[in-house]
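Accompanying notes for the structure given below.
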Amino acid sequence: MTVTAADQRAKVPFAELEERLGTALATVAYFTRHGCLPRRAKTFQPDDWYFVASYAPVDSPLRQHAQKRAAALDALFAEWLALLRYPRRNGVTAVAEAKVADLAGTFLQWHEVHSVALSGGSLEELARLKMAEAPGQFGDFARLALNQQFGSLALRRMARSAQTLAEWLTVYRAGAANSAIRQEAVEAITRLWASAEEWEAACSAMAGTTDPIRTTLVQRFSQFARTCQQWWRVALWSDEGDPLKVRAIDAQLELAETFEEAANICAVLPECYAGRNKVFDRVVAAAVTAGDLARSLFWVRSSASHCAQVFGKLIALDASLMEWGEALGQFDPDDVLYGEAIKLLAATIVIDE
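Residue 371 is where the sequence shown ends in my numbering, and the numbering goes up by one at each step.
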């Protein structure tokens, strides 16, 4: 839609023109006819002035008016930023560039400015410089860590703002292998003071990987482990042959109180552990019910003497056929101990004649 000669000559109220042409074109028509702005111009927002300037002839008094009126507005950062997203550039765009440069304060705001600034322009360069220093939250920087253009800048900002274990681990994982950033993260992690729960969460995040940081995290976790469950996780995540795994097993033996805690030790028991019989002793001793005894056979079935203890306890408890069935289910039918259990079970059955 354009302003016709008839629109320019017509002596009609601005409201009528605005209804038919829209705010920007109506302003152009009104100014052309009367040589001044309509009263409604007092309520114009930045985008109104932007479109007025877009439709007004280049270097015209109206475009200059639009630029001056826009410059006098006290609008929000987001309103000025929106004008820079429009493809057409005019005098009001220059005002918007100055306004966002004045109002932008945070890292994310300067990133938004950079995203809409003209490539190679002074505003783009200013935004890049400001992003290196503008205040922001760790999460703000992390959001841009994978950005091809700003990844290295965001990573440096992450390292400068990281405080918690989770944040430093995020820095580590975002950094390239053997990079200075990774080394800085490792040094921070080795001296960081965090709760056992935080170390456990960090170990869990790296579980199953071959990354060298995993060993560091498990070692740090072991320094804060206090409960049987925590030591079980230390044993689970430490490597086979690592003395830490043995220390974790020993700690569990001291702390285990329930059958479940004792039985769980067997799940992380390394083949090289010298005190396997002590662990089996603890499992059998902790098994109080017939159900616990039956389940304990899954763990101690490699030890004939411990199986015999379990069978004796089952007999003493007068275990039911169902409970014996659960116990027998822990063996292969061709296992010698399976046959022994069958004999013991048969001896307990009393036939009522």
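C-beta: ideal position from N, C-alpha, C; glycine also.
Since the structure is predicted, the reported quantities are computational estimates derived from the model, not experimental observations.
- Following the DSSP letters along the chain, one finds L136 in no alpha helix (DSSP H), marked with neither H nor E.
- Boundaries of the alpha helix (DSSP H) around T233: 231 to 242.
- E37 and F69 have their C-alpha atoms some 16 Å from each other.
- Taken through DSSP and simplified to helix, strand or coil, D350 comes out as coil.
- Distance from the CA of G193 to the CA of T182, rounded to the nearest whole angstrom, comes to 17 Å.
- Rounded to the nearest whole angstrom, the CA to CA distance from R294 to L339 is 30 Å.
- The C-alpha of A303 is placed about 24 Å away from the C-alpha of D350.
- Across the structure, T45 and A71 are spaced so that their CA atoms are roughly 10 Å apart.
- With 16 or more other CB atoms across the displayed protein chains lying within 10 angstroms of its CB, D66 is buried.
- Around the C-beta of R209, fewer than 16 other C-beta atoms lie within 10 Å, and the residue is accordingly described as exposed.
- Secondary structure of E205 (DSSP, three-state): helix.
- For D65, the uninterrupted alpha helix (DSSP H) run begins and ends at 64 to 73, by DSSP.
- Here the alpha carbons of R319 and A326 stand approximately 10 Å from one another.
- Ranking L171, A42, A280 by CA distance to the CA of T245 puts A280 first.
- Scanning its chain for C-beta atoms nearer than 6 Å, with the 5 sequence neighbours on each side dropped, one finds around L141 the residues E115, A135, in chain order.
- In the DSSP assignment, A337 falls outside any alpha helix (DSSP H), carrying neither H nor E.
- L171 is the residue among A160, L171, R107 whose C-alpha sits nearest the C-alpha of E151.
- DSSP places T124 in no alpha helix (DSSP H); its state is neither H nor E.
- Taking the C-beta atoms as reference points, E258 is found nearer than 8 Å to P288.
- Around F159, the same chain offers A172, R175, M176 as residues with beta carbons nearer than 6 Å, after the five sequence neighbours per side are excluded.
- A distance below 7 Å between beta-carbons, with the five flanking residues on each side excluded, links H83 to the following residues of its chain, in chain order: L55.
- In this structure, DSSP gives F316 a helical state, which the three-state scheme calls helix.
- Contact annotation, G53 with R81: C-beta distance approximately 14 Å; criterion of less than 8 Å not satisfied.
- Distances from the CA of I333 to each of L311, S321, L254, E216 were compared; the closest alpha carbon is that of L311.
- Put simply, of R106, V113, P105, A100 the residue whose alpha carbon is nearest the alpha carbon of E130 is A100.
- The beta carbon of L273 sits closer than 8 Å to the beta carbons of T245, C246, W249, E279 from its chain, once the five residues preceding and following it are set aside; these are given in chain order.
- Straight across, the Cα-Cα distance linking A93 with L121 is about 10 Å.
- Burial is judged here by how many other beta carbons sit within 10 angstroms of a residue's own beta carbon; K148 has at least 16 and is buried.
- Judged by DSSP secondary structure, E278 falls within the alpha helix (DSSP H) whose first and last residues are 277 to 285.
- Collapsing the DSSP output to three states places T188 in a helix.
- Assignment of C221 by DSSP, reduced to helix, strand and coil, places it in the helix class.
- Using a Cβ distance threshold of 8 Å, A184 and A220 count as a contacting pair.
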